[in-house]
Amino acid sequence: MGRGMRARVVVPADLRGLDQLSGCAGSQAWMTDPQAAWARAAMTSWGLCGVVLAADGQEPQAVALVCPGLNIPSGHPLEQWSKLPDAAYLLAVGVGTDATPGDEAGRLRHLVQGLAHHLQGQVQTLEAVGRTDPQPCAPGRQALEAAGFVPVQEFRVGECQRMRLDLSTTLRWRRPELNRAWGLLAGLVPRPVPPVEPTRAGLIVPVNGKAPGHEDRGLRRWGVREIRPRGSSGRP
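To convert, note that position 145 of the sequence shown is 145 in my numbering; the numbers rise steadily by one, no gaps.
This is the structure:
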């Protein structure tokens, strides 16, 4: 199977998986410490502290870490802004050192969609910092915008822009894609043929009394007798 055809799956991250954080060269100690307050608070609130993207059962390709607003680690750029009680805060994103620019965008999109799915009904928004100078574990503003985030214009400090994603919008955006997929699948499945029963003359007529492609009024012209349910006179 080609590189672009590998099956990808996004699963919740827990405290045991923090030490497997991939793609965050120079990651800080708080990112991988299972005893960190942010990680335990996230597990208590939502049952996860992030999501991990893996392909074909291999090692994790990418990871995204989140926590409640009141538990943002000291010194993190998100700490300087006001907090929303119904939001999850994206602390770090690692997309793997082997990722091409195209892979980075795709992996980030999968991570964001995974977070939207697993946090559905628990929070309303996802907040992040978009940098104009992307760094390891800190995605750029353009990358976040491509994943659905929008800038909160009044909140920018230096190279850091506050970004926000409405999770309900993200889920609505995914639903049309799912509908299109079902439509394609349905087109591959043959439709069932309606049941038929013979007439006295031996002709075959659908039970609903219609010959394919012809109106009721044209049945007699084709020598086909319309079959009506027993007890029906055919009169209005």
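Using N, Cα and C, we set each Cβ at its ideal position, and we do this for glycine too.
In the DSSP assignment, Asp166 falls within the beta strand (DSSP E) that extends over 160-166.
Counting C-beta pairs closer than 8 Å gives fewer than three between the stretch 152-164 and the stretch 98-105, which falls short of the contact rule. In the structure shown, Gln124 falls within a coil segment according to DSSP collapsed to helix, strand and coil. Taking every protein chain shown into account, the CB of Ala116 has 16 or more other CB atoms within 10 angstroms, so this residue is buried. Contact between Ala55 and Leu48 is absent: CB atoms are separated by about 20 Å, not below the 8 Å threshold. For Leu91, the uninterrupted beta strand (DSSP E) segment begins and ends at 87-94.
Going by beta carbons, Val63 and Ala13 fall inside the 8 Å limit.
For the pair Leu90 and Glu145, the CB atoms are not nearer than the 8 Å cut-off. Here Ala29 has no same chain residue with a Cβ atom under 6 Å from its own Cβ, once five neighbours each way along the sequence are excluded.
Its chain contains Gln124, Thr125 as the residues whose beta carbon lies nearer than 8 Å to that of Asp166, once the 5 sequence neighbours on both sides are disregarded; these appear in chain order. For the 8 Å CB-CB criterion, Leu53 and Asp33 do not form a contact. Spanning the alpha carbons of Gly50 and His118 requires a straight line of approximately 9 Å.
Comparing alpha-carbon positions, the option among Thr44, Ala37, Gln61 lying closest to Val10 turns out to be Gln61. For Gln142, the secondary structure class from DSSP, reduced to helix, strand or coil, is helix. Of the residues Val95, Pro134, Gln161, Arg109, the one whose Cα lies closest to the Cα of Ala147 is Arg109. Excluding five sequence positions before and after Arg16, none of the CB atoms of its chain fall closer than 6 Å to its own CB.
Between Leu78 and Val152, the C-beta spacing is not below 8 Å. A check of alpha carbon separations from Val112 across Ser45, Met163, Gln35, Asp133 identifies Met163 as the nearest. Secondary structure note for Ala39: its alpha helix (DSSP H) is the uninterrupted segment 37-46. At a Cβ-Cβ threshold of 8 Å, Pro139 and Val66 do not count as neighbours.
For Leu111, the enclosing alpha helix (DSSP H) begins and ends at 101-118.
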